[in-house]
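> Here the sequence shown stands for residues 4 to 250, numbered as in our numbering.
Heads up, the beta-carbon is just placed ideally off N, CA and C, and yes, glycines get one too.
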Amino acid sequence: MFNSAWSRSSVNACVDTDVHRNRWFGCTIIFIWFTTCIDEIIKRRLLIEGESGNDDRRITLLLKNYLRWVASDDVGEDGYEAYQALIASVYQCENAMEQSSLVIAMNYEQQKQYEDLYKEIETAIESAKNRIQQCKEDLRSAKTVRKNRREYDSLAKVLCDHPERDETLEKYKKLKATLERLENLNEEYDRKIQLRKTQFHLFLVALKGLQKIVEDDDSLSSVTDDLVHTQSSKSVHEEISMKMDTN
Numbered sequence: 004m005f006n007s008a009w010s011r012s013s014v015n016a017c018v019d020t021d022v023h024r025n026r027w028f029g030c031t032i033i034f035i036w037f038t039t040c041i042d043e044i045i046k047r048r049l050l051i052e053g054e055s056g057n058d059d060r061r062i063t064l065l066l067k068n069y070l071r072w073v074a075s076d077d078v079g080e081d082g083y084e085a086y087q088a089l090i091a092s093v094y095q096c097e098n099a100m101e102q103s104s105l106v107i108a109m110n111y112e113q114q115k116q117y118e119d120l121y122k123e124i125e126t127a128i129e130s131a132k133n134r135i136q137q138c139k140e141d142l143r144s145a146k147t148v149r150k151n152r153r154e155y156d157s158l159a160k161v162l163c164d165h166p167e168r169d170e171t172l173e174k175y176k177k178l179k180a181t182l183e184r185l186e187n188l189n190e191e192y193d194r195k196i197q198l199r200k201t202q203f204h205l206f207l208v209a210l211k212g213l214q215k216i217v218e219d220d221d222s223l224s225s226v227t228d229d230l231v232h233t234q235s236s237k238s239v240h241e242e243i244s245m246k247m248d249t250n
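(1) Can you look up Ser75 in the DSSP assignment and give me helix, strand or coil?
(2) Taking only the alpha-carbon atoms, compute the straight-line gap between Lys150 and Arg194 and give it to the nearest angstrom.
(3) What number of angstroms, rounded off, separates the C-alpha of Asn189 from the C-alpha of Leu182?
(4) Are the beta-carbon atoms belonging to Gly82 and Ser75 less than 8 Å from one another?
(5) Taking contact to mean at least 3 C-beta pairs separated by less than 8 Å, is the segment 121 to 133 in contact with the segment 103 to 113?
(6) If you reduce the DSSP assignment to three classes, tell me which class His204 lands in.
(7) Step through the CB atoms of chain C and report whether any lies within less than 8 Å of the CB of Ile107.
(8) Between Glu129 and the rest of its own chain, which residues show a CB-CB distance below 8 Å, the 5 nearest in sequence each way excluded?
(9) Any idea if Ser144 is buried or exposed, counting beta-carbon neighbours within 10 angstroms, 16 or more meaning buried?
(10) What's the C-alpha gap between Lys177 and Pro166?
(11) Which of helix, strand or coil does DSSP assign to Glu112?
(12) Around the C-beta of Leu89, are 16 or more other C-beta atoms found within 10 angstroms, so that it is buried, or is it exposed?
(13) If you reduce the DSSP assignment to three classes, tell me which class Glu167 lands in.
(14) Measure the CB-CB distance between Tyr94 and Trp72 and report whether it falls below 8 Å.
(15) So, is Ala180 buried or exposed, given that buried needs 16 or more other C-beta atoms within 10 angstroms?
(16) Under the assumption that Cys96 contacts Leu65 (Cβ atoms under 8 Å), give the Cβ distance between them as a whole number of angstroms.
(17) For Ser222, count neighbouring Cβ atoms within 10 angstroms of its own Cβ and tell me buried if that reaches 16, exposed if not.
(18) By a C-beta neighbour count over all protein chains shown, 10 Å radius and 16 as the cutoff for buried, is Ile62 buried or exposed?
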C-alpha cells in the first residue's frame, strides 16, 4: 500500500512536473501564436467563420478555455486534459486557418481564372464586334454587287435581243450604201424632173408659138380663100359676059 501510494505520488509529481512544463510550453506557444496570428485572425475572420460560423465560436471557446486554464491552478489530470483540449482546439483552429488559406488561394486562383476568362470574353466580344462590322461591310458590298449584277443581267438580256456588233455594222454599211445609192438616184431623178420641166416649158412655149402660127395661117387662108372665090367669081362673070357677047 505504501509502495502504491509512493508510486502514485511519484507519478503525480512527474505528472505535475510535466504538466507545469507543458503548461509553460503551451502558454509560450499560445502566446506566440496569438501575437503573430491575431492580425491574420482579424483579417480573415469572416473567412474562418465558414458557412455555419462554428469556427468563430470555436475560437471564442478556445479563448475562454485558455483564460480559464491559465487562471486555474489545477495541475492534476483535469489540468492536463484541459491542456490537451486546448492543444486540440489550437490544432483545429490551425486546420481551419489552413483550410481558409487554401480556400483563399483557391478563390484567388479562381478570381484570376475569371479575370482571364473575362479578358478572353472581352477579346471575343471585341473580335465579334469587328467581325459583325466586317460582315456589315461585306453585306453592303454584296448588296451592291447583287444590284450591279441584276442591272448587268438586264442589260445582257437587252443586248441578247439585238444582233452582234459585227452584224450590225455590216447591216449599217449595207444600209448606208443603199441610202447613198438612193440619194444619188434621187438626185438623178431630180435632174431629170428639172430637165422635163424645162423641156415641158419649152414645149408649151413652142406650142403657143405654133398655135399662134396656126391661127395666123388660118386667118391668112381665109383671106386667100376669099380672094380666090372673088377672083373665080369674077372670072366666071367675065366668061359669061364673053359668051354672051359672042352669041
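In short:
(1) coil
(2) 59 Å
(3) 10 Å
(4) Yes, Cβ-Cβ distance for Gly82 and Ser75 is below 8 Å.
(5) no
(6) helix
(7) In the displayed structure, chain C is absent; only one protein chain is listed.
(8) None.
(9) Exposed: under 16 other Cβ atoms inside 10 Å.
(10) 15 Å
(11) Three-state DSSP puts Glu112 in a helix.
(12) buried
(13) Coil, per DSSP.
(14) no
(15) exposed
(16) 6 Å
(17) exposed
(18) buried
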